[in-house]
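Student: Protein chains in written order, with my numbering: chain A, -2 to 356; chain B, -2 to 356. Yeah, the Cβ is synthetic: ideal placement off N, Cα and C, and Gly gets one too. Bear in mind that the values here come from a model prediction, so they are computed numbers and not experimental data. This is the structure I want to talk about, given as structure tokens.
Number of protein chains: 2
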Amino acid sequence: MRKPTLQDVARAAGVSYATADRVLNARGNVAEKSTRRVLQAIETLGYERDLHAANLSRGRIYHFRFLLPGGDHSFFRALRQAVEAEASLRRIDRIRFSLTEVPTLDSDALARALEELPRDCDAVAVVATETPRISAAIAALSAAHIPVVTLVGDAAADIRAAYVGIDNIIAGRTAGRLMRIAHMARPATDPGLILPIIGAMSARDHRDRLMGAKAVLDGSGQQLLEAVVVDDRHDLMRQRVTAALAKTPAISGIYSIGAGNRGLIDILARISGPRPFVIMHDLTPTTRAGLESGLVDAVIDQKPAQEIALAVDVMKALADGRELPDPARDITPTIYVKDNLPAALPLTAPAPLAAGETP
Amino acid sequence: MRKPTLQDVARAAGVSYATADRVLNARGNVAEKSTRRVLQAIETLGYERDLHAANLSRGRIYHFRFLLPGGDHSFFRALRQAVEAEASLRRIDRIRFSLTEVPTLDSDALARALEELPRDCDAVAVVATETPRISAAIAALSAAHIPVVTLVGDAAADIRAAYVGIDNIIAGRTAGRLMRIAHMARPATDPGLILPIIGAMSARDHRDRLMGAKAVLDGSGQQLLEAVVVDDRHDLMRQRVTAALAKTPAISGIYSIGAGNRGLIDILARISGPRPFVIMHDLTPTTRAGLESGLVDAVIDQKPAQEIALAVDVMKALADGRELPDPARDITPTIYVKDNLPAALPLTAPAPLAAGETP
DNA sequence: GAGGGAATGATATACGTCAATCATTTTCTG
DNA sequence: CAGAAAATGATTGACGTATATCATTCCCTC
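Structure, rendered in structure tokens:
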């Protein structure tokens, strides 16, 4: 009862191995009748090509390229580290990675990087924004049979092969929901004031989050103040949020949509008396410390490591022409509170392997 | 710059392929000097055995056995479905699964199943409870070089090879934290009453969750009432929780620790006026509907599909004698609210493959 | 029914490893 | 130093597929 091989298929179809191979690999010069008989045999035997044997024979090594924003923002650093981690895990699967850093928030630089990308790879993953030039570059890659997976931020849906990342409107809605929960016991006469803090209004993901939060808070009674813009910078965060708190002392909730949270935590630490309910994005050393110290109440995370792992699974499936992996492993915004932070410890120590011992 | 093969290693070590093979596969009859030179060559060349070629040569097919509770509890059904899903995904990796259903909550039956388990597999995954007989059975399997991975519930940590699942104390703490957040705006004179509902006090996971919640709520002002025990049954849930609500109308929060939530949702739907803040466990059709309708405020989930996927990764790594996979993909209790529910839709439709087209 | 192109079969080599055999060389022991 | 034991080298046939070559057979057309 072992798995059928192509030999078995050929025998069952009453043709030679060579013909079965010609059908399987679409080499042409096969009579329609033979093609049908081979496909029929594949069907009835439940034949599946042994990918590992095939790749071994071809000497194939997968090559996946990542185009990720550089710079020292914690989130992108985490993404890049996740790529390194996957690289060492997947070497065994004959997968090679290339990681190119692109200037952050520079859509022309990204477009150029995509245009100049060497066509020597099996798939590309890129943190995209939606501009015509970038869309054109992605379409060109697709035309060259290099599927493009968008990561974190999406491009036009009909061009890229798949998007792996959270929906930022949903992330914003989730934050809004937590705000409602934190405010639900307040008296109707004082439902609460919520201050959103944003990196830039031009950033699509930030706008989406704000929009999502607003949608959930509408009609809840809580008033959403005008967003403070801080350019993802700690210093501007300190300045402008301090000013906002001075102007509106009754603020009962803060939703920090982008980065620069170190500045916000400094401010929170100095507040005496009741602190507002605070939600931040992305689990970084800073936000984690904020949760642990109790200055931050919730962090909404997109699990960069899992995102990269899923992206690699998707790219592999695309390269093999297989179905895309289980959507149940899809990325949804994760809520971290003080108590469900992931451990920084390994699962369990591996059993030591004696020298020369074979698995 | 292709990957070095064992031939390359042999050449570099100045020995024949046969000797290098004898070292790599610990076949014995090799001089210590040769062993050293080969290991040295492996080191300097960075040689890694090509697992796929090796398995092809051996004709090896991995065989993993799952021992999962049967019955129609949604959570265990989800676990079993996840195994089926992995089975079809991993067939390509030459992994075969066997799934045995064991009576729920019957530790003797589980122990027997473990004792009688055919020794024809490469690893076992089991939803374990901690009894001496089960521990002994697991130890026996380990002694027979069959690593055992515990799932959902752990056994003695020094016997099993790895545990894949959430920490239920942490899950309980997370629920407690959400309760605190939902109650944080209440006046000090009326901090709130919280009703825990439990399946059975004898269930370790339920006890742990309750303990975790209690730890976080201690000192918060909210009073944790005595737990109502409902045996994970809808009918008892309806009866006893109705009674509890009648007796203590001021209940402001309900923490349902186990199953039987269909009964609870029936009750909640009938409440007119302000409803208590409700937390349940495990995303099932029932709890999902509860979230969507607004009767339930939060669900704490352990992501069974991901849990199974991680367990398979772990078993594969154990079977290959490799390091265990990235702990960053570890399982932490996930908080679902109305707005961050996972989509039931696929990631993206796969590109259609022309007849006979080769990937 | 001959000629020509299309279709098919037979066969070989390679991919990297495992597992085995057999001949040969080295090392050890008394 | 002989003889035995240990170590090594050389080689071979799997595993399932890819890819290529060459000879043969089939079918269509004129």
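1. Does DSSP put B/Ser220 in a helix, a strand or coil?
2. Against chain A, with Cβ distances strictly below 9 Å, would B/Leu265 count as a contact?
3. Once you ignore the five residues that flank B/Arg87 on each side, which residues in its own chain have a CB closer than 8 Å to its CB?
4. How is the beta strand (DSSP E) around A/Leu148 delimited, first residue to last?
5. Tell me which residues share the same chain as B/Gly68 and place their Cβ nearer than 7 Å to its Cβ, disregarding the 5 neighbours each side in the sequence.
6. Going by alpha carbons, who is nearest to B/Leu36 out of B/Arg57, B/Leu64, B/Val6?
7. If contacts are defined as beta-carbon pairs under 8 Å, then A/Leu175 and A/Pro193 qualify, I think. What distance do you get, rounded to the angstrom?
8. Is it the case that the Cβ atoms of A/Thr147 and A/Gly162 are separated by a distance below 9 Å?
9. Tell me the rounded alpha-carbon separation between B/Arg34 and B/Glu320.
10. Which bits of chain B does A/Pro66 rub up against, with CB to CB less than 9 Å?
11. May I have a chain-ordered list of the alpha helix (DSSP H) segments no shorter than 4 residues that lie completely inside the region 260 to 317 of chain B?
12. Mark A/Glu304 as exposed unless 16 or more other C-beta atoms lie within 10 angstroms of its C-beta, in which case mark it buried.
13. Does the distance from the CB of A/Ile89 to the CB of B/Glu45 come in under 9 Å?
14. Can you tell me which of A/Glu81, A/Ile131, A/Ala137 puts its alpha carbon nearest to the alpha carbon of A/Gly150?
15. Determine whether the Cβ of A/Val309 lies closer than 9 Å to any Cβ atom of chain B.
16. Could you check the C-alpha separation between B/Arg19 and B/Thr41 for me, to the nearest Å?
17. Alpha carbon to alpha carbon, what distance is there between B/Leu21 and B/Lys30?
18. Quick check on A/Pro349: buried or exposed, where buried means 16 or more other Cβ atoms within 10 Å of its Cβ?
19. Is the separation between the beta-carbon of A/Gly250 and that of A/Gly189 shorter than 9 Å?
20. So, does the CB of B/Leu96 fall closer than 9 Å to a CB anywhere in chain A?
21. On the CB-based measure, 16 or more other CB atoms within 10 Å of its CB, does B/Asp298 come out buried or exposed?
22. Taking CB distances under 9 Å as the criterion, tell me whether A/Arg91 reaches chain B.
23. Span of the alpha helix (DSSP H) holding A/Leu48?
24. Is the distance from the Cβ of B/Leu107 to the Cβ of B/Val121 below 9 Å?
25. Using a Cβ-Cβ cutoff of 7 Å, what residues of the region 74 to 85 of chain B are near chain A? List them in chain order.
26. Check whether the Cβ of B/Asn337 lies closer than 9 Å to any Cβ atom in chain A.
27. Just to confirm, is the Cβ distance from B/Gly209 to B/Val227 under 9 Å?
28. Let me confirm a value: B/Gly287 is counted as buried when at least 16 other C-beta atoms fall within 10 Å, else exposed. Which label applies?
29. Tell me whether A/Gln219 is buried or exposed, calling it buried when 16 or more other Cβ atoms sit within 10 Å of its Cβ.
30. In three-state terms, what does DSSP make of B/Ile195?
31. Within the 9 Å Cβ cut-off, does B/His203 reach chain A?
32. Interface residues of chain A around B/Asp294 at Cβ under 8 Å?
Tutor: In terms of the structure at hand:
1. Residue identity check: residue 220 of chain B is Gln in the sequence provided, not Ser. B/Gln220 falls in the strand class under three-state DSSP.
2. For B/Leu265, the answer is no, since every Cβ of chain A falls outside 9 Å of its Cβ.
3. Correct list, in chain order: Phe94, Val309.
4. Looking at the DSSP string, the run of the beta strand (DSSP E) that includes A/Leu148 is 145 to 148.
5. The answer, listed in chain order, is Thr101.
6. Restricting attention to B/Arg57, B/Leu64, B/Val6, the CA atom closest to the CA of B/Leu36 is found in B/Val6.
7. 13 Å between Cβ atoms; not a contact.
8. Yes. Within cutoff.
9. Each residue's alpha carbon lies about 25 Å from the other.
10. Contact annotation for A/Pro66 against chain B: no contact, minimum CB-CB distance about 20 Å [criterion: below 9 Å].
11. List check, alpha helix (DSSP H) in window: 282 to 290, 301 to 317.
12. In this structure A/Glu304 is buried. Its beta-carbon is surrounded by 16 or more other beta-carbon atoms within 10 angstroms.
13. It is a contact, given that the beta carbons lie within the stated cut-off.
14. Closest option to A/Gly150, Cα to Cα, is A/Ile131.
15. The beta carbon of A/Val309 sits no closer than 9 Å to any beta carbon of chain B.
16. Within the model, the alpha-carbon separation for B/Arg19 versus B/Thr41 is close to 19 Å.
17. The straight-line gap from Cα to Cα measures roughly 14 Å.
18. Because the pLDDT at A/Pro349 is just 33, under 50, the model does not fix this residue reliably, and the point stays unresolved.
19. In contact: A/Gly250 and A/Gly189 (Cβ atoms closer than 9 Å).
20. No, no contact with chain A.
21. B/Asp298 comes out buried.
22. Among the residues facing chain B, A/Arg91 is included, as its CB has a counterpart in that chain under 9 Å away.
23. That run of the alpha helix (DSSP H) goes 48 to 55.
24. Going by C-beta atoms, B/Leu107 is not nearer than 9 Å to B/Val121.
25. Result list: Ala82.
26. By this cut-off, B/Asn337 is an interface position.
27. No. Outside cutoff.
28. By the 10 Å Cβ count, B/Gly287 comes out buried.
29. That one is buried.
30. In the structure shown, the three-state DSSP call for B/Ile195 is strand.
31. So no, B/His203 is outside the interface.
32. Those are Ile178, listed as they occur along chain A.
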